[in-house]
Structures are given as C-alpha cells and as structure tokens.
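Visitor: This is the structure I have questions about; it appears just below.
2 protein chains.
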Amino acid sequence: MSASVITYHLGMGRWEPNARGRLERAAMELFVARGFEQTTVAEIAQRAGLTERTFFRYFADKREVLFAGAGALQELLVRAVAQAPGSATPLGAIASALEAAAPLFAERGDYPRRRQAVIAANAELQERELIKLAALAAAMAGALRERGIPEPTASLAAEAGIAAFRIAFERWTTEDCRPELAKLIRESLDELKALTAGW
Amino acid sequence: MSASVITYHLGMGRWEPNARGRLERAAMELFVARGFEQTTVAEIAQRAGLTERTFFRYFADKREVLFAGAGALQELLVRAVAQAPGSATPLGAIASALEAAAPLFAERGDYPRRRQAVIAANAELQERELIKLAALAAAMAGALRERGIPEPTASLAAEAGIAAFRIAFERWTTEDCRPELAKLIRESLDELKALTAGW
DNA sequence: CGGTTCGATGTCAGTTACTGTCATCACGAT
DNA sequence: ATCGTGATGACAGTAACTGACATCGAACCG
Chain A
18 MSASVITYHL GMGRWEPNAR GRLERAAMEL FVARGFEQTT VAEIAQRAGL TERTFFRYFA
78 DKREVLFAGA GALQELLVRA VAQAPGSATP LGAIASALEA AAPLFAERGD YPRRRQAVIA
138 ANAELQEREL IKLAALAAAM AGALRERGIP EPTASLAAEA GIAAFRIAFE RWTTEDCRPE
198 LAKLIRESLD ELKALTAGW
Chain B
18 MSASVITYHL GMGRWEPNAR GRLERAAMEL FVARGFEQTT VAEIAQRAGL TERTFFRYFA
78 DKREVLFAGA GALQELLVRA VAQAPGSATP LGAIASALEA AAPLFAERGD YPRRRQAVIA
138 ANAELQEREL IKLAALAAAM AGALRERGIP EPTASLAAEA GIAAFRIAFE RWTTEDCRPE
198 LAKLIRESLD ELKALTAGW
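Pasting the structure below:
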C-alpha cells in the first residue's frame, strides 16, 4: 500500500484527473492509519496533491468524504421500492429493496468493513451515518407513498426496515465468518415479524 | 419575555446560582429568535452573564445545550423496561416504557414543541437528536437483555420501538390539535404490528 | 498559430467552535 | 483571620469552514 501511495502523489500536479477520488482515497488511508480526529483536512489534501480549499469544494465537510456513495444507494433503494411487484405489502417492498442493495456492499471487498471500523471509532461519524440512514428511510417512505401507501404506514415501514438493515449490517461487518448480507437482512426482518406477532 | 430577559442578566455577577440553567435558557431564547447557526456561543454566554469558556465547561459542545434532559429520559426508560411485568413480550415492555415516558414531555408545556422546531431547522441538531435516540434504543436493548431476551431480538425490539416513537413524536409536535402523546405512541406501535402481520 | 474564455485550482484573510493553561475570585472550614 | 477549594475569567492556540479574488491550463475560435 505505501508503495502505491508514494507513487500516486509524486508528480501529482494541479491538473491530474480524478481529484475527488484521490481525496477519498487519501482520507480513507489516513483515517485507517491515525483515526478520524487525528487527521486534518490539510493532511488529506496534501496527500492527494491538492489544497485544503479544494477539499471543501468537493465535500461539504470533513465527514462527508466517507459518505460519497450514499446518493447512489438511495437511488437504488427508491428504484427497487418502486419496482417491487404490485402485490407486495409495504414491508415486503422495503425488504426486497434492501436485499437488492446488498450486492452493492458485497462487491466492494474489504472496503465496507474498513470504513465501518473507522465510523465505529468516532461519534461524529456515527451521527453522520445515522442521518444518512434516516434520509434513506425518508426516501423509501416517499417511494411507498408513490405506491399508494398512506402515512404513517409508509414511514413506519421504512423506518422499521432501516432498523432491521442496521442490525443486519452491524452483524455483517462484525462477524468473523462471512455470511451473505442479504441473508442477514432477511433474518433480521423475520425476527421483526416474530416480534410483533405474539403480542 | 424580553422583560424577564433583561432582568435576569442585569447584575448577574460571577457567582449567581444555576449557571447551567441560565445557559440553557439563554441558548433556547437565542436559537428561537435567530436560529442555531446564527447564534454564537459567545452570545449565549454573554446573555447568561458568563464567558464562552464557562459554557464549554457545562456542555461538551454548542449542540449539547439543547439535549440536557436526555440522561433523565434514558434512566426513566431503562427503569420502565426493567419494571415491566414479567409476562410482557419484548415489544410490550418497550411499549410500556415509551408510554411511561410520555408525561415527561406533556408536563413541560410548549417547551418540547419550540425545541423541536429549532432542531427541525438545523441538520447538525438533527444528527445529534438521532444519536441520542440511538443511545436510548441501545440502553433499552440492554434492559431487555437483563430480562433474558437474546440478541438480536433485544436490539430489534428497541430500535423498532424508537422508530415508532419518532413518528409518534413528530406527529405530536406538528399537529395543530393536541392529542395525547401516549395515545399516538400506542397507535404507532399498533400500526407497526399491523405492518408485519399480513406479510 | 495566437488569443479568448471558462472551469478547476491556489492563495489569503477571516470567523467560530473548541481546548489547554494559568490566574483569580468568593465561600466555607478551621 | 487564614487557607484551601471549586467555579470562573483571561488568553493563546488549533482546526474546521467560508468568501473573495488571483491564476492556471485546456478547449475553442478565429
């Protein structure tokens, strides 16, 4: 890793391509090495061959550099909810959307796990994570409303689905063995179903 | 209001009592008047007859001044979960705890509503709110585990309960008529039950 | 081929949240 | 009266973030 690091910031002039990607990569490397708080934006920018000011042109704040993929995930979830079979119940549509998103994490190798470790070590990052998840829930609730599901059912189904996802994802990143994320999500939702059944 | 304001910071010397309360009140007044971002910590401290440095001795950061009651709420919820009848299901115990907490908001008059309006207007405050709610869920999950409920059931019940509470509370602070918060919580949880029933 | 335009970047100054350190003050115990 | 002791003030410093303006390089146009 350090070899490639040396390579990619030597001679990295003002106009090298993919400034955004360089910033994301530099940030991740420094966060893993020293932690989030012990890393300054100036250091990230320098490692990417840019300046602090440019960092803030790409990312609204220091935390946001870790949440670049959130937009794509949200679009995927909304699309999946919209395309769920018409016969699906609200929670069924949410479930199928969450399962459809699982490959997005699985295909990125170790990155999600390292990223989650960085987030788990810092309260500010956890706050950002939670508000991103809340935004996902709100977007999915909107997609349910498009399907004719009224409030508060739509929001409740979306929030419950996200809660199940959180717990499944936490297990997925923590556990030693490598279970399928989609399977964990299904289990979590089944657990939720069982919870309310015998009440 | 402004009359009492003038009163309470005239002659408010270095050793007047209740510095913490004065800071909380001053902050709330300024946040309502100008908004959270447009208010500096120096202004809050000055209005309370103190200095910026003292503000940060009472509150870890600028946002925390709005979340003083969180500790008491958490203790109440944990106690209520622990004291739920032994026959209660996991979600039943969570439900009774949330309903037991409802009076805590109702008895404070307009304060919860004004506070929620301030939070709704600022993303940073929403982040803090979400992590406080997540902490409540984690604490209640711990109380469930004390009752012998295993993971992931405990966490899932707590998270689902908090989701229901969020939606109930949002309605409570938003709606014109003034319904009972406890009733809205019960409705929200019933809705959740219905969601998973026919799946 | 030279000039122009335009988006991306750099530079710099400024604000504000937040922290560490030490001085100072009022009050209570002796 | 003196002496802690805990609460507060004073002050300097760091780092996140912003606004304004300069500068660079590439594409385009003549």
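Protein sequences appear in the order of chains A and B. Quick note on numbering: our numbering labels position 92 of the first sequence as 109, and the sequence is numbered without any gaps. Quick note on numbering: our numbering labels position 71 of the second sequence as 88, and the sequence is numbered without any gaps. No residue lacks a Cβ here, since even glycine has one placed at the ideal position from N, Cα and C. All of these numbers come straight from a predicted model, not from anything done at the bench.
What do you get for B:Ser172, buried or exposed, if any count of 16 or more other CB atoms within 10 angstroms of its CB means buried?
Guide: When all chains shown are included, B:Ser172 counts as buried.
Visitor: Determine, for A:Thr170, whether the minimum Cβ-Cβ distance to residues of chain B falls below 8 Å.
Guide: True, the Cβ-Cβ gap to chain B drops below 8 Å.
Visitor: Taking Cβ-Cβ distances shorter than 8 Å, what residues in chain B pair up with A:Arg203?
Guide: Under the 8 Å cutoff, chain B gives no residues; its nearest Cβ is about 12 Å from A:Arg203.
Visitor: For the segment 156 to 172 of chain A and the segment 184 to 194 of chain A, state whether three or more C-beta atom pairs, one from each stretch, are separated by less than 8 Å.
Guide: Too few Cβ pairs lie closer than 8 Å, so no.
Visitor: Rounded to whole angstroms, what's the CA-CA distance from B:Tyr25 to B:Asp78? Just pull it up for me.
Guide: In this predicted model, B:Tyr25 has a pLDDT of only 41, less than 50, meaning its place in the structure is not dependable; the value taken from the coordinates is given anyway. Their Cα atoms are separated by approximately 24 Å.
Visitor: If you run the structure through DSSP and keep just helix, strand and coil, what is A:Gly109?
Guide: It is helical.
Visitor: For B:Ala62 and A:Arg145, I'd like the C-alpha separation in whole angstroms.
Guide: So the two alpha carbons sit approximately 28 Å from each other.
Visitor: Listed from N- to C-terminal order along the chain, which residues in the segment 136 to 170 of chain A have their beta-carbon within a distance smaller than 8 Å of any beta-carbon of chain B?
Guide: Residues passing the 8 Å Cβ filter: Ala140, Gln143, Glu144, Arg145, Leu147, Ile148, Ala151, Pro169, Thr170.
Visitor: DSSP three-state label for A:Asp207, please.
Guide: Of the three classes helix, strand and coil, the one that applies to A:Asp207 here is helix, per DSSP.
Visitor: Can you list, in chain order, the residues of its chain with a C-beta nearer than 8 Å to that of B:Leu90? Leave out the 5 residues immediately preceding and following it.
Guide: So the qualifying residues of the chain are Ala118, Leu121, Leu153.
Visitor: Does DSSP classify B:Gly38 as helix, strand or coil?
Guide: Residue state, collapsed to three classes: helix.
Visitor: For a contact meaning CB atoms closer than 9 Å, what does A:Glu116 contact in chain B?
Guide: Within 9 Å Cβ-Cβ: nothing; A:Glu116 doesn't reach chain B, min ~14 Å.
Visitor: Listing by chain order, which chain A residues have their CB less than 8 Å from the CB of B:Ile184?
Guide: Result: Pro169, Ser172, Leu173, Glu176.
Visitor: Once the 5 residues before and after A:Leu142 are set aside, which same chain residues still bring their CB inside 8 Å of it?
Guide: Answer for A:Leu142: Phe53, Arg80, Leu83, Val135, Ile136, listed in chain order.
Visitor: Express the C-alpha separation of B:Ala36 and A:Ala181 in angstroms, rounding to a whole number.
Guide: C-alpha separation (whole angstroms): 42 Å.
Visitor: Tell me where the alpha helix (DSSP H) around B:Gln143 begins and ends.
Guide: Start and end: 140 to 163.
Visitor: Helix, strand or coil for A:Gln55 per DSSP?
Guide: It is coil, neither helix nor strand.
Visitor: Where does A:Lys200 land, buried or exposed, given buried means 16+ other C-beta within 10 angstroms?
Guide: Burial call: exposed.
Visitor: Among B:Ala112, B:Ala50, B:Ala97, which one has its Cα closest to the Cα of A:Leu212?
Guide: For the residues B:Ala112, B:Ala50, B:Ala97, the minimum Cα distance to A:Leu212 belongs to B:Ala112.
Visitor: State the CB to CB distance for the pair B:Thr56 and A:Glu208, rounded to an integer number of angstroms; the pair is presumed to be in contact (CB under 8 Å).
Guide: The Cβ separation is near 44 Å, so there is no contact.
Visitor: Would you mind giving the Cβ-Cβ distance between A:Ala158 and A:Ala175, rounded to the nearest angstrom? I have them listed as a contact below 8 Å.
Guide: Yes, they are in contact, since the Cβ atoms of A:Ala158 and A:Ala175 sit about 4 Å apart, within 8 Å.
Visitor: Compute the distance between the beta-carbons of B:Leu108 and B:Ala177, then report whether it is under 8 Å.
Guide: It is a contact, given that the beta carbons lie within the stated cut-off.
Visitor: Does the distance from the C-beta atom of B:Leu147 to that of A:Ile179 stay below 8 Å?
Guide: No; because the gap between Cβ atoms is not below 8 Å, this pair is not in contact.
Visitor: Hey, how far is the Cα of A:Gly28 from the Cα of A:Thr191?
Guide: Reliability fails at A:Gly28, whose pLDDT of 43 lies under 50, so the model's placement of it is uncertain and the value that follows must be treated cautiously. Taking the straight line from one Cα to the other gives about 39 Å.
Visitor: Could you check what DSSP says for B:Ala286 in three-state terms: helix, strand or coil?
Guide: This structure does not reach residue 286 of chain B, given that chain B is present from 18 up to 216, and the question cannot be answered.
Visitor: Given a limit of 7 Å on CB to CB distance, which residues of the segment 94 to 107 of chain B reach chain A?
Guide: Those residues of the segment 94 to 107 of chain B that come within reach of chain A (Cβ to Cβ, closer than 7 Å) are Thr106, Pro107.
Visitor: Since A:Arg131 and A:Val49 should fall inside the 8 Å C-beta cutoff, what is the C-beta to C-beta distance between them, to a whole number of angstroms?
Guide: Yes, they are in contact, since the Cβ atoms of A:Arg131 and A:Val49 sit about 6 Å apart, within 8 Å.
Visitor: Could you have a look at B:Phe48 and say whether DSSP puts it in helix, strand or coil?
Guide: If DSSP states are grouped into helix, strand and coil, B:Phe48 belongs with the helices.
Visitor: Should B:Glu41 and B:Ala85 be called a contact, given that it needs their Cβ atoms to be closer than 8 Å?
Guide: Against a cut-off of 8 Å, the Cβ pair of B:Ala85 and B:Glu41 comes out as a contact.
Visitor: Please report how far the alpha carbon of A:Ala105 lies from the alpha carbon of A:Ala97, in whole angstroms.
Guide: Computed Cα separation, rounded: 12 Å.
Visitor: Taking DSSP as the reference, what is the three-state secondary structure of A:Pro196?
Guide: DSSP places A:Pro196 in coil when its eight states are reduced to three.
Visitor: Taking 6 Å as the limit between beta carbons, can you name the residues of its chain near B:Ser21, skipping five residues before and five after?
Guide: Here B:Ser21 scores only 38 on pLDDT, less than 50, and its place in the model should not be relied on; the value that follows carries that caveat. If we look at B:Ser21 and ignore the five residues flanking it on each side, it has no Cβ neighbours.
Visitor: Go ahead and pull the three-state DSSP assignment for B:Ala171.
Guide: It is helical.
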